[in-house]
Amino acid sequence: MARITVEDCLDNVDNRFELVMLAAKRARQIATGGRDPLVEDESDKATVIALREIAEGLITPEVLARQSEVEAEEELAASFETPIL
3 MARITVEDCL
13 DNVDNRFELV
23 MLAAKRARQI
33 ATGGRDPLVE
43 DESDKATVIA
53 LREIAEGLIT
63 PEVLARQSEV
73 EAEEELAASF
83 ETPIL
């Protein structure tokens with residue numbers, strides 16, 4: 003298990019606040035089973051996996067925003083497919 007430092011992550015994110023928000027959102031996605039990790043989990047917790055993804059440049063604020071838009075569109079489409087009782 004490699005150690006992840008804040009400096010590794012800040013190479014891909016503008017500031018620490020944005021890093022915390024991005025890592026929290028991504029860790030929540032991984033922990034709830036909504037999204038699969040983009041790196042090997044190596045028995046790490048969701049927060050460590052999220053930070054590793056950010057450090058490797060696999061997750062950025064833009065990528066996470068795009069994922070959220072797609073999820074919202076899928077939910078909206080599913081709501082139209084559900085029959086009204």
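Residue 3 is where the sequence shown starts when you use our numbering, and the numbers rise one by one after that.
In this text, a Cβ means the ideal position worked out from N, Cα and C, and glycines have one as well.
Under the three-state DSSP convention, the category residue i falls into
| i | result |
| --- | --- |
| V15 | coil |
| I32 | helix |
Burial state of residue i, where buried means 16 or more other Cβ atoms lie within 10 Å
| i | result |
| --- | --- |
| A52 | buried |
| V50 | buried |
| E83 | exposed |
| E55 | buried |
| A26 | exposed |
| A57 | buried |
Same chain only: Cβ atoms within 6 Å of residue i, ignoring 5 sequence neighbours per side
| i | result |
| --- | --- |
| L40 | E55 and L60 |
Flag this pair as touching only if the stretch 47-67 and the stretch 75-82 have three or more C-beta atom pairs under 8 Å; answer yes or no.
Contact annotation: the stretch 47-67 does not touch the stretch 75-82, with fewer than three C-beta pairs closer than 8 Å.
Inside the stretch 34-67 only - beta strand (DSSP E) runs reaching at least 3 residues:
Counting whole runs of 3 or more residues, the stretch 34-67 contains no beta strand (DSSP E) stretch at all.
Is the stretch 34-44 touching the stretch 9-20 in the sense that three or more CB pairs, one from each, lie closer than 8 Å?
Segment contact: the stretch 9-20 against the stretch 34-44, fewer than three CB-CB distances shorter than 8 Å; contact not assigned.
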